[in-house]
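Each remark here refers to the structure printed beneath this line.
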Amino acid sequence: MWQRSYLQRLKRDIDLWIERGWVTPANAEAILEDASRTPDTRRTPAILAILGAVLIGFAAMSFVAANWAELSKLTRLALIGTGLVAAYGIAWQTDRRGHPAFAQAALLTGLCLFGAAIMLIAQIYHIQTDDPGGVLAWCIAALAAAAILPSRPALALGMLLAIVWSGFALSLHQDVPHIGFFLPWIFALALILRFSWVTGFHLWIVTGYAWLAFNAYAIGNWMGVGPGAIAALVVVDAIGLWLAALALQARLPRFADVAEDYGIVVAFTVFWILHVIPANEAGPINTLWIGAAIVMALAVLAIGISALTQRRLEARHAFAIGGMSIAALAYPLLMHAMGPAIEWLYSAIFLALSVWLVSYGTARHSRFLINGGFAAFAAEVLYLYFATLGTMLDTAAFFLIGGLLLIAGSLFFERLRRRMVKAVGNEEGAAP
């Protein structure tokens, strides 16, 4: 899906580059041919080697978990130490002989054994098992190995260990968000950009939003606000990622495509969650939250202006994205003022945004966004039918009014489109 979207975007850009004389038609064909290549069967042994390394790591950790009562402490340490030396030695030898994929697999095996060694030492010397320090040491080792060698599998392991470490640390202090996660997370981003690793960028975004989901309750307690207020900030954060992707499209096209899709998915998903939060769970709103909302809104505005000036975003779409941001930030305030009636208003807003997303996806030539808009619209309609509205008469009235508004809107936009096409045609006819 991501590769197809990237190729579609690349083809449009190359057509523009040919018109401007930046790329010759022959070079354009070579670029498209190279970008369209799919991984061949030569990568299969490397993939199998990586999976084998993962299984060996799990075997080592399971061996430790068995609690070898019949072996002495020295024997246990010798087994793990020998395994570590052997794994790193194999990694060094295979890399020297020109087999980088198998070297990566051996390195990953060594890192898994390193984690098993940490657990073994904790088991032997009765160190507290819920101490996150061991996982942090494992994470640092993985990221260090990724930076020195370099190694993509080690980097992936480091990112996963970072979120595990953060989860352990959060379990010890559940009322305070674990900010330390961002140190290895940002370092991982630097390595991802250095490696030009788009797959790792997927994992980086997923771990970031996983941290946000795990820490949402702690952030709410720390700020002294309810779940609706936190969800509103998450929507604005995702919109910021979305607009940043547009602003960085020229510099990092492959990364920008991924970030844009994730930003849109998270923004719409959390906006939907936001408007189904019961009004009686609104929670308080304080100056800290208002200050954070203002700062985030200004940041999103600045990023949006940058995307507009680069002509990566049309004005009509900018107004829709801005309206979504304002609606999200206004929701916690309106929950106190409107009560349960707010669901009606925001259901209509979400339906309108879903229809607009189809238009936005069409303009971006993205089948993923078009299908996402239809899916969001269908999900909201089903929710309204089964959960939100109390009687069949209310349901019928809401759908009737919504249908009439959509038809009226489609007629208005069709008339506007014809006027714009006619105006463009007149300008081209008048041109010398």
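The numbering of the sequence shown is our numbering, which starts it at 9 and goes up by one. The beta carbon of each residue, even a glycine, is placed where N, CA and C say it ideally should be.
Legend entry - Which listed residue (Trp205, Gly208, Leu211, Gly166) has its alpha carbon closest to that of Leu191: Gly166
Inset, instruction - Note the first and the last residue of the continuous alpha helix (DSSP H) segment covering Pro235. - result: 235 to 255
Legend entry - Pair within 7 Å by beta-carbon distance, Ala252 and Ile311: yes
Inset, instruction - With DSSP collapsed to three states, give me the class of Tyr391. - result: helix
Inset, instruction - Express the C-alpha separation of Ala338 and Ala345 in angstroms, rounding to a whole number. - result: 11 Å
Inset, instruction - List the endpoints of the continuous alpha helix (DSSP H) containing Phe222. - result: 206 to 231
Legend entry - Member of Trp146, Trp25, Leu85 whose CA lies at the smallest distance from the CA of Ile129: Leu85
Inset, instruction - State yes or no: is the C-beta of His325 within less than 7 Å of the C-beta of Tyr368? - result: yes
Legend entry - Beta-carbon spacing of Gly228, Ile285 below 7 Å: no
Legend entry - heavy atom of the ligand FMN below 6 Å from Val303 C-beta: Here there are no bound small molecules, and the ligand FMN is not part of this structure.
Inset, instruction - Work out the CA separation of Ile298 and Pro440 for me, nearest whole Å. - result: With a pLDDT of 47 at Pro440, under the threshold of 50, the modelled position of this residue cannot be trusted; read the value that follows with caution. Rounded to the nearest angstrom, the two C-alpha atoms are 55 Å apart.
Inset, instruction - Can you give me the Cβ contacts of Phe263 inside the same chain, cut-off strictly under 7 Å, excluding the 5 residues immediately before and after it? - result: Val206, Phe209
Legend entry - Asn35: first and last residue of the uninterrupted alpha helix (DSSP H) it sits in: 33 to 43
Legend entry - Asn379 (DSSP reduced to helix, strand or coil): helix
Inset, instruction - State yes or no: is the C-beta of Leu116 within less than 7 Å of the C-beta of Pro161? - result: yes
Inset, instruction - Please confirm whether Met343 and Ile334 have their CB atoms less than 7 Å apart. - result: no
Inset, instruction - Please report the Cβ distance between Val233 and Ile293, rounded to the nearest whole angstrom; I am assuming they are in contact, meaning their Cβ atoms lie under 8 Å. - result: 6 Å
Inset, instruction - Evaluate Val303 with the Cβ neighbour count: other Cβ atoms within 10 Å of its Cβ, from every protein chain shown; 16 or more gives buried, anything less gives exposed. - result: exposed
Legend entry - Whole-angstrom distance between Val31 and Leu18, CA atom to CA atom: 13 Å
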